[in-house]
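I have placed the structure first, in the form of structure tokens, so that the comments after it can refer back to it.
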Amino acid sequence: MAQGVWTIVEQREGEIRKISYEIISEGRRLADALGQELTAVLLGAGIKEKAAGLGHYGADKVMVADDPRLDPYTTDAYVAVISQLVKAGEPALLLVGASVQGKDLAARLSANLDVGMAQDCTAFAIEDGNLVAIRPIYAGKAYAKVTFENSRPQMATARPNVMAINEPDTSKSAEVIDASFTLEDSALKTKVAEVIKDESGKVDLTEADKIVSGGRGMKGPENYKILEELADLIGASVGASRSAVDAGWRPHSDQVGQTGKVVSPNLYIACGISGAIQHLAGMSTSKVIVAINKDPDAPIFQKADYGVVADLFDVVPALTEEVKKYLEG
Ligand SMILES: Cc1cc2nc3c(=O)[nH]c(=O)nc-3n(C[C@H](O)[C@H](O)[C@H](O)COP(=O)(O)OP(=O)(O)OC[C@H]3O[C@@H](n4cnc5c(N)ncnc54)[C@H](O)[C@@H]3O)c2cc1C
3 MAQGVWTIVE QREGEIRKIS YEIISEGRRL ADALGQELTA VLLGAGIKEK AAGLGHYGAD
63 KVMVADDPRL DPYTTDAYVA VISQLVKAGE PALLLVGASV QGKDLAARLS ANLDVGMAQD
123 CTAFAIEDGN LVAIRPIYAG KAYAKVTFEN SRPQMATARP NVMAINEPDT SKSAEVIDAS
183 FTLEDSALKT KVAEVIKDES GKVDLTEADK IVSGGRGMKG PENYKILEEL ADLIGASVGA
243 SRSAVDAGWR PHSDQVGQTG KVVSPNLYIA CGISGAIQHL AGMSTSKVIV AINKDPDAPI
303 FQKADYGVVA DLFDVVPALT EEVKKYLEG
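Per this note's numbering, residue 3 is the first one in the sequence shown, and the count goes up by one each step.
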């Protein structure tokens with residue numbers, strides 16, 4: 003019988019990504035509700051030393067698959083290894099982060115395992131021993147409650163920045179297990195030729211705690227410097243609407259929305275963004291939304307916790323000055 007909760011750990015260059023701590027923490031809560039063990043599955047090359055520390059966040063066991071062909075991530079290699087481990091270990095629940103990598107992995111993995119999967123969930127619960135997943139639908143206008151009839155493991159991905167991370171308990175460490183798997187070269191159809199890094203040093207939008215975002219109301223690329231100044235002061239990343247990206251003012255990697263990134267920061271400041279449904283689809287689960295727009299009827303105000311009806315070219319520099327004074331004083 004399927005037993006236990008498994009979470010797939012995401013790492014890049016040996017550094018554990020924040021989403022991994024989020025799903026381990028959530029996995030702990032689900033494992034407790036089921037009265038079962040939590041196993042974190044860590045794949046990579048030379049990453050074993052990172053394993054035990056995952057116990058601080060609630061993992062009972064960490065299964066490590068160590069192989070040079072598992073770093074950097076490729077869908078082929080990860081799916082080949084994880085599906086073997088899942089078939090052998092038969093977990094009841096399998097959680098993956100809904101990051102760019104996690105969404106790619108989970109989709110292929112669920113097809114390979116022939117199980118259903120709920121993508122980009124914002125909450126989980128256990129009812130009658132089964133996983134119940136809540137996920138936004140219709141661009142965040144409604145929430146669907148997803149249950150799984152017969153498929154095991156019950157599989158879901160969790161939206162980054164939504165689930166709370168457990169306070170680390172350094173007195174607890176996880177039992178580290180070497181995963182047993184075979185990886186045939188013939189199974190690997192893709193090879194990473196080169197990794198081109200974003201040199202900006204900014205936190206990726208999907209992991210950002212705060213985002214200052216600008217739309218068509220910014221009037222031109224040169225004006226983003228006022229958003230960057232505010233963002234630097236408060237430790238935020240800069241995002242954009244699709245209009246700004248389509249106009250060539252910002253790179254596509256900055257786009258928030260249905261065809262851009264889905265973000266859930268603690269603070270989202272929308273400047274000169276009308277709040278089209280496709281934009282809201284990417285940011286409506288942000289914890290606090292501030293909208294600055296000179297049109298009082300802009301739809302963004304229906305989602306905003308704080309709304310400022312004014313010219314952003316007056317408000318943003320004034321806000322930056324106030325933050326400076328606050329930080330100095
Ligand atoms: C299939 C599809 C997918 C899409 N995907 C996305 C997506 O991923 N992300 C996305 O953002 N959009 C997406 N869109 C586009 C979306 O429908 C909107 O066109 C877009 O979000 C509008 O961008 P905006 O709010 O910057 O521009 P606008 O709608 O033109 O709004 C500009 C706003 O700025 C305000 N403004 C102007 N000047 C000032 C000023 N000086 N001070 C204050 N406020 C000012 C105006 O009042 C206005 O509300 C998609 C559309 C389709 C059809």
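Backbone N, C-alpha and C fix where the C-beta goes; we use that ideal spot for every residue, glycine too.
Simplified DSSP state of residue i, which is helix, strand or coil
i	result
M3	coil
T172	coil
K50	helix
Q156	strand
I26	helix
R14	strand
Q103	helix
A242	strand
D248	helix
S215	strand
N295	strand
Residue environment, residue i, which counts as buried when at least 16 other CB atoms sit within 10 Å
i	result
Q304	exposed
T192	exposed
D234	exposed
I139	exposed
S245	buried
N152	exposed
Y23	buried
A306	buried
A33	buried
P93	buried
K52	buried
V263	What sits at residue 263 in the sequence shown is Lys, not Val. Counting Cβ neighbours within 10 Å, K263 comes out buried, since at least 16 surround it.
E28	buried
P162	buried
Backbone CA spacing between residue i and residue j [nearest angstrom]
i	j	result
T41	G6	7 Å
G216	D299	18 Å
E169	A176	16 Å
A146	A4	25 Å
V317	L95	48 Å
E201	Y328	30 Å
M119	A100	12 Å
D180	P155	21 Å
S243	V11	31 Å
Y75	D297	45 Å
Proximity test, residue i beta-carbon vs ligand 1 heavy atom, cut-off 7 Å
i	result
G16	no
V258	yes
P315	Contrary to the premise, residue 315 reads as Phe rather than Pro in this sequence. Yes, the Cβ of F315 comes within 7 Å of a heavy atom of ligand 1.
Q304	no
G309	no
T261	yes
G219	yes
D297	yes
R244	yes
H281	yes
8 Å contact criterion, which residue i and residue j should meet: CB distance rounded
i	j	result
L269	K204	Between K204 and L269 the Cβ distance is about 15 Å, and since that is not below 8 Å, they are no contact.
V117	F126	Their Cβ separation, rounded to whole angstroms, is 16 Å, which puts V117 and F126 out of contact at 8 Å.
V81	A67	V81 to A67, Cβ: 12 Å. No contact.
G60	I26	6 Å
G91	G46	The pair is not a contact, with the Cβ atoms about 19 Å apart (cut-off 8 Å).
L229	L321	11 Å between Cβ atoms; not a contact.
V325	I236	6 Å
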